[in-house]
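Position one of the sequence shown corresponds to residue 0 (numbering that gives the first Met the number 0), numbered consecutively onward. Notes to accompany the following structure.
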Amino acid sequence: MSGNFRRPQASLRVTPLKIMFAGFVVVMMFIITTAVYSCFRIDVGTGEVAVLIKKTGKDLSNTHEIAPGPEYKGVQRQVLTEGRHFYNPYSWSWEVLPQVEIQPGEMGIMISLSGEDLGYGDFLAQVNTDGEATTKGIMPGVLKPGRYPINPYLYSVEMHKPVTIPGGFKGVVTNLAAPLSKDPNRLLVDAGERGVQAKTLEPGTHYVNPYVTRVDLVDCRSQRFNLGEEDDMGFPSKDGFWVSLDGVIEFRVDPEKAAEVYVLFNDSKNGPEIDKELVQTVIMPNARSFCRLQGSNASGREFISGETRTAFQKAFEKSMKEACDDLGIEIIVALITDIRPPDQIADPVRQREIAKQQELQYQQQALQQESEQKLAIEKAMVAQKQELVAADQEVVKVTTQAMQEQQVAVTKANEKLAVAELKLDASIDEAAAIEAKGKAAADVIRFDNEAEAAGWKVAVNAFDGDGQGYAQYVLFQKLSSSYRRIMVNTADSPIMKVFDSFATSQNGKNSDLPTPPTVTSEEPTTTAKSE
């Protein structure tokens with residue numbers, strides 16, 4: 000039993016050979032997986048497309064260029080876009096190609112390379128509901144700038160420039176691939192019919208298929224044409240003289256009738272530019288016709304006068320507009336710049352016309368002078384009225400100012416009068432007060448004098464009515480209090496003579512008053528001291 004037990008342990012033992020075999024198996028599986036992954040993988044980069052080709056399946060018929068479906072061999076209609084895809088390389092092969100890229104300022108036209116042939120009279124490829132071509136031929140529509148994943152085995156792409164219509168132009172559209180018009184006798188057809196369309200394209204960039212639609216430019220801007228550019232423009236007058244003229248005609252194509260004008264006057268010699276054709280077939284014939292018909296109704300000398308020339312100019316412009324408006328040509332200006340009659344009649348008539356013009360000029364000058372005279376009178380009247388108004392205003396101003404000053408003066412005089420009256424009343428009262436005060440003062444003085452006189456009278460009566468004695472008394476009284484000492488050298492001193500008049504009374508008697516003392520001194524001088 001122990002020997003049987005050891006045998007399984009020996010079979011489970013890992014040997015280096017087994018390890019090598021396992022590593023080999025893993026490596027082979029990795030290589031096989033990598034190879035299968037690489038063979039089955041389809042990498043489609045940015046801006047690329049992959050076209051699938053079926054290796055197995057049903058065989059194509061002789062009428063098929065492309066496999067109708069995935070069950071047929073050959074190039075398939077569907078393509079692979081950017082990304083990673085996996086297909087069996089046994090059943091499929093593929094081609095990675097760049098996508099169709101339309102640059103800015105370009106457009107692409109697709110042409111179907113597979114399908115049935117076009118029928119008689121057909122120009123465009125037939126398209127099913129899915130937008131795929133069922134016949135060969137040019138596809139309707141255009142490809143605008145961008146990238147398109149188009150199968151190159153189904154379609155080829157042609158590069159074209161879009162139609163650019165500049166400002167002032169109209170684009171006349173001609174439908175090249177459409178059913179014929181029901182009425183072939185018309186200039187313009189209805190929309191969707193073959194022929195020139197009535198609706199035109201406006202200025203701008205238009206992406207139209209040149210195989211389907213043709214666009215011709217018609218200049219609708221103003222054009223100026225000189226009548227005397229090509230040859231001598233003139234006419235025979237009524238009296239048989241040849242009268243030459245020159246003029247300027249400014250015209251343009253009516254934008255609303257651009258398609259009609261293009262159909263009528265498009266000439267293969269000039270191409271799409273119809274300006275010369277309009278001048279040669281419409282403007283010049285009508286101008287010559289008018290000049291010869293109307294010019295032959297007047298004599299040569301009449302074209303020198305201003306009235307005939309003016310009438311001829313107006314009639315010429317009116318006739319040109321009427322003749323060209325119906326044809327879609329708008330006459331902006333039709334001006335006769337110069338009319339040259341023959342010299343043999345021009346000089347005398349010109350002198351006469353100059354004299355007439357001078358006469359008219361003088362008349363106009365006279366009228367102008369009269370007008371200026373009237374204007375000067377009116378201006379003088381206006382100035383006079385303005386001065387009168389100014390004088391009236393000044394009078395009103397001065398009168399108003401004088402009245403105001405008068406009122407102010409009266410007011411001030413009244414104020415002064417009132418002040419004077421008040422001062423007068425005050426003066427009267429003051430005079431009365433002064434008079435009363437003076438009377439009172441006089442009464443006081445009089446009373447004082449009377450009182451003093453009464454005292455004197457009593458004092459004189461005390462001296463027995465001797466006033467001289469009273470006066471001597473008063474004098475001695477005054478002097479005795481003032482003089483303390485009197486010194487005289489002699490009795491007949493001059494100072495002592497002052498008292499002589501008081502020594503004797505008026506009646507020659509000595510007064511009872513004492514005699515002033517006499518003092519004798521040995522000194523030769525006399526002094527007196529008083530306080």
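Where is the CB? At the ideal position from N, CA and C, for every residue including glycine.
(message) Am I right that residue 328 and residue 252 are in contact with their C-beta atoms under 8 Å? What's the rounded C-beta distance?
(response) 6 Å
(request) Counting only runs of 3+ residues fully inside the segment 202-261, write out the beta strand (DSSP E) ranges in chain order. (result) 203-205, 212-218, 222-225, 233-235 and 241-252
(message) Nearest by alpha-carbon distance to residue 256: which of 232, 291, 187 and 460 is it?
(response) 187
(request) In the DSSP assignment, find the alpha helix (DSSP H) that holds residue 286 and state where it starts and stops. (result) Here the alpha helix (DSSP H) through residue 286 covers 283-294.
(request) Using the Cα positions of residue 139 and residue 321, report the straight-line distance between them to the nearest angstrom. (result) 44 Å
(message) Whether or not the segment 172-192 and the segment 217-228 are in contact is what I'm after, with contact meaning three or more pairs of Cβ atoms, one per stretch, closer than 8 Å; do they touch?
(response) No: fewer than three Cβ pairs fall under 8 Å.
(request) Starting from the C-beta of residue 295, find all residues in its chain whose C-beta is less than 8 Å away, skip the five residues before and the five after it, and write them out in chain order. (result) 234, 235, 236 and 237
(request) Whole angstroms is fine: what's the gap from residue 248's alpha carbon to residue 312's? (result) 12 Å
(message) Taking a contact to mean a Cβ-Cβ separation below 8 Å, would you say residue 41 touches residue 86 in this structure?
(response) Between residue 41 and residue 86, the gap from beta carbon to beta carbon is short of 8 Å.
(message) Please state the DSSP three-state secondary structure of residue 65.
(response) coil
(request) Select from 181, 28 and 107 the residue whose C-alpha is nearest the C-alpha of residue 157. (result) 107
(request) Compare the C-alpha of residue 102 against each of 53, 193, 161 and 56 and name the closest. (result) That would be 161, whose Cα lies nearest to the Cα of residue 102.
(request) Quick one: grab the DSSP three-state call for residue 158. (result) In the displayed model, residue 158 falls within a strand according to three-state DSSP.
(message) Tell me which residue opens and which closes the alpha helix (DSSP H) that residue 274 is part of.
(response) 274-277
(message) To the nearest angstrom, how far is the alpha carbon of residue 509 from that of residue 436?
(response) The predicted model places residue 509 with a pLDDT of 45, which falls under 50 and marks its position as unreliable, so this point remains unresolved.
(message) Tell me which residues share the same chain as residue 381 and place their Cβ nearer than 6 Å to its Cβ, disregarding the 5 neighbours each side in the sequence.
(response) none
(request) Can you give me the start and stop residues for the beta strand (DSSP E) that residue 92 sits inside? (result) Per DSSP, residue 92 belongs to the beta strand (DSSP E) from 91-97.
(request) Could you tell me whether the Cβ atoms of residue 88 and residue 29 are closer together than 8 Å? (result) no
(message) I need the boundaries of the beta strand (DSSP E) containing residue 53, first residue and last residue.
(response) 47-53
(message) Considering only their Cβ atoms, is the gap separating residue 264 from residue 277 smaller than 8 Å?
(response) Result yes, Cβ atoms of residue 277 and residue 264 sit closer than 8 Å.
(message) Just to confirm before moving on: does the CB-CB distance between residue 71 and residue 79 stay below 8 Å?
(response) no
(message) Helix, strand or coil for residue 454? Go by DSSP, reduced to three states.
(response) helix
(message) Quick test of the definition: if touching needs 3 or more C-beta pairs under 8 Å, does the segment 135-152 touch the segment 197-211?
(response) yes
(request) Taking all protein chains shown into account, decide if residue 427 is buried (16 or more other Cβ within 10 angstroms of its Cβ) or exposed. (result) exposed
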